[in-house]
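Student: Those letters in the sequence shown? Residues 1 to 317, per UniProt numbering, in order. Every residue gets a Cβ at the ideal spot worked out from N, C-alpha and C, and that includes glycine. Bear in mind that the values here come from a model prediction, so they are computed numbers and not experimental data. Encoded as structure tokens, here's the structure I'll be asking about.
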Amino acid sequence: MKMSLSISKQIRPLLHIPSTTTLRHGPLKDKVVVVMGATGTGKSRLSVDLATRFSAEIINSDKMQVYHGLDIVTNKITDEERSGVPHHLLGVVDPESDFSAANFRTMASITMKSILSRGQLPMIVGGSNSFIEALVDMNFRSKYECCFLWVDVAMPVLDSFVSDRVDKMVERGMVDEVREFYKPNADYSRGIRRAIGVPEFDNFFRVESFCDEETRARILTDAIESVKMNTSMLARIQLEKIHRLRKIKGWRVHRLDATDVFMKRGGKAEAAWEKLVSGPGAAVVSRFLYDSETVIRGGVTAMRGTVAPPLLATASH
1 MKMSLSISKQ IRPLLHIPST TTLRHGPLKD KVVVVMGATG TGKSRLSVDL ATRFSAEIIN
61 SDKMQVYHGL DIVTNKITDE ERSGVPHHLL GVVDPESDFS AANFRTMASI TMKSILSRGQ
121 LPMIVGGSNS FIEALVDMNF RSKYECCFLW VDVAMPVLDS FVSDRVDKMV ERGMVDEVRE
181 FYKPNADYSR GIRRAIGVPE FDNFFRVESF CDEETRARIL TDAIESVKMN TSMLARIQLE
241 KIHRLRKIKG WRVHRLDATD VFMKRGGKAE AAWEKLVSGP GAAVVSRFLY DSETVIRGGV
301 TAMRGTVAPP LLATASH
């Protein structure tokens, strides 16, 4: 399961995201925040934290969460955890269809324009770096200025968390959820069936009604362990892609180390999250949005940095 989101519901401020002309540098680009990280690191939690501070709307970039259904398996953020923040491209695609990086690029671009037209900040959030890369690499930077945040957790710590999370997903009914979706001889290379947590149970569903209780329990345990192993492998692949984007493509990515948060409990974990992740992330976004630069808004000259302090004061935890 996801890390618990502790943000209380609140009235979200209506803010103007700077996008106009400067006195010295020509047209300003519209601004977009991108939250990256391996599965289970707290991307959803950070995105909601930031969205409530900076009046943002979230665009999902997880290639499995874009599909409708299997909410437990794909670990979709719940309505309660969204804290009133609008989420887009989440659970909207036919689970039997294929949704490509090109499809994401088209839909995300349309959604960003809609969000900006409402004076809100677009925030792209998810672990599918191939989707993010496909979007950013297609003339994106000619129109948008990007702020990349990376929530990182040391792999041994994340492995332990992933294992516990899968156990909790099973407790919430993951096996029954997949069973209802199960089809013999299904194509696990298409649609939502590619999601980790679906193909691993194929053998179990095939034999569960024909074997004794001990054998059934063993096969189920093996399937659950496969889900854990494959999820950890996915996290490593996602991490490698982030390193490649930084080192080879030269993306400027702000790393937020959440490792210590995962090693604490209760109030200490909450305090560590604010100190190490949410607070520093908000500071990066504030500098990105409200850097001190002279601008013209409707013929009125102003400094872009003047509204940052009141924004941070709107946070509620």
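Out of curiosity, what's the CA-to-CA distance linking R255 and K183?
Tutor: The residue given as residue 255 occupies position 255 in the sequence shown. The residue given as residue 183 occupies position 183 in the sequence shown. Looking at the two C-alpha atoms, the distance is approximately 42 Å.
Student: Give me whichever residues DSSP pairs with N60 in a beta bridge.
Tutor: What you label residue 60 is simply residue 60 of the sequence shown in a count that begins at 1. For N60, which the question treats as bridged, DSSP gives the partners V125.
Student: Does the count of Cβ pairs from the stretch 121-141 and the stretch 238-247 closer than 8 Å reach three?
Tutor: Yes, since at least three Cβ pairs between the stretch 121-141 and the stretch 238-247 fall closer than 8 Å, the two stretches touch.
Student: Find the nearest neighbour of A108 within the set M123, K249 and V157, judged by alpha-carbon distance.
Tutor: To locate residue 108, count along the sequence shown from 1; it is residue 108. Selected option, being the one with the closest Cα: M123.
Student: Does the pairing of the stretch 110-130 with the stretch 217-226 give three or more beta-carbon distances under 8 Å?
Tutor: Contact annotation: the stretch 110-130 does not touch the stretch 217-226, with fewer than three C-beta pairs closer than 8 Å.
Student: Considering only C-alpha positions, which residue in the set E96, D98, G40 and Q120 is nearest to I59?
Tutor: Indexing the sequence shown from 1 puts residue 59 at position 59. When each option's Cα is compared against that of I59, the closest is Q120.
Student: Hey, could you find the ends of the alpha helix (DSSP H) V284 is sitting in?
Tutor: Taking the first residue of the sequence shown as 1, we reach residue 284 at position 284. Counting along the chain, the alpha helix (DSSP H) containing V284 begins and ends at G279 to L289.
Student: Can you give the Cα-Cα distance for V253 and W150, rounded to whole angstroms?
Tutor: Within the sequence shown, the letter at position 253 stands for residue 253. Within the sequence shown, the letter at position 150 stands for residue 150. Approximately 6 Å between the Cα atoms of the pair.
Student: Relative to the alpha-carbon of S100, which residue among H87, T74, V66 and V207 has its alpha-carbon at the smallest distance?
Tutor: Here residue 100 refers to the residue found at position 100 of the sequence shown. Taking only the C-alpha atoms, the option nearest S100 is V66.
Student: Tell me which same chain residues have a C-beta within less than 7 Å of the C-beta of W251, skipping the five on either side of it?
Tutor: Counting from 1 along the sequence shown, the entry for residue 251 is found at position 251. Within the same chain, W251 has close Cβ partners F148 and L245.
Student: State the start and end residues of the unbroken beta strand (DSSP E) segment that holds D257.
Tutor: In the sequence shown, the residue the question calls residue 257 occupies position 257. Counting along the chain, the beta strand (DSSP E) containing D257 begins and ends at V253 to D257.
Student: At 3 residues or longer, what runs of the beta strand (DSSP E) sit wholly inside the stretch 122-202?
Tutor: 144-152
Student: Does the beta-carbon of T52 have 16 or more other beta-carbons within 10 angstroms, so that it is buried, or is it exposed?
Tutor: For the purposes of this step, residue 52 is taken as the residue at position 52 of the sequence shown. Burial call: buried.
Student: Among G40, F161, R194 and V48, which one has its Cα closest to the Cα of P95?
Tutor: Here residue 95 is taken as the residue at index 95 of the sequence shown, counted from 1. Here the closest residue by C-alpha is R194.
Student: Distance, Cα to Cα, V175 vs T259?
Tutor: By 1-based counting over the sequence shown, the position of residue 175 is 175. By 1-based counting over the sequence shown, the position of residue 259 is 259. In a straight line, the C-alpha of V175 is about 30 Å away from that of T259.
Student: Cβ of E145 within 8 Å of Cβ of K29?
Tutor: Looking up residue 145 in the sequence shown gives position 145. Looking up residue 29 in the sequence shown gives position 29. Taking 8 Å as the Cβ cut-off, E145 and K29 qualify as a contacting pair.
Student: Is it true that the CB of V261 sits closer than 8 Å to the CB of D284?
Tutor: By one-based count along the sequence shown, residue 284 stands at place 284. By one-based count along the sequence shown, residue 261 stands at place 261. The sequence given here has Val at residue 284, not Asp. No, the Cβ-Cβ distance between V284 and V261 is not below 8 Å.
Student: Under 8 Å, do E200 and S226 count as touching if we go by C-beta distance?
Tutor: The residue labelled residue 200 in the question sits at position 200 within the sequence shown. The residue labelled residue 226 in the question sits at position 226 within the sequence shown. Yes, the Cβ-Cβ distance between E200 and S226 is below 8 Å.
Student: Mapping the DSSP letters down to three states, classify V66 as helix, strand or coil.
Tutor: As a working mapping, residue 66 is identified with position 66 in the sequence shown. Reduced to three states, the DSSP call for V66 is coil.
Student: For S97, which residues in the same chain have their Cβ closer than 6 Å to its Cβ, ignoring the five residues on either side in sequence?
Tutor: For this step, residue 97 is matched to residue 97 along the sequence shown. Counting only Cβ-Cβ distances below 6 Å, and skipping sequence neighbours, we find G191.
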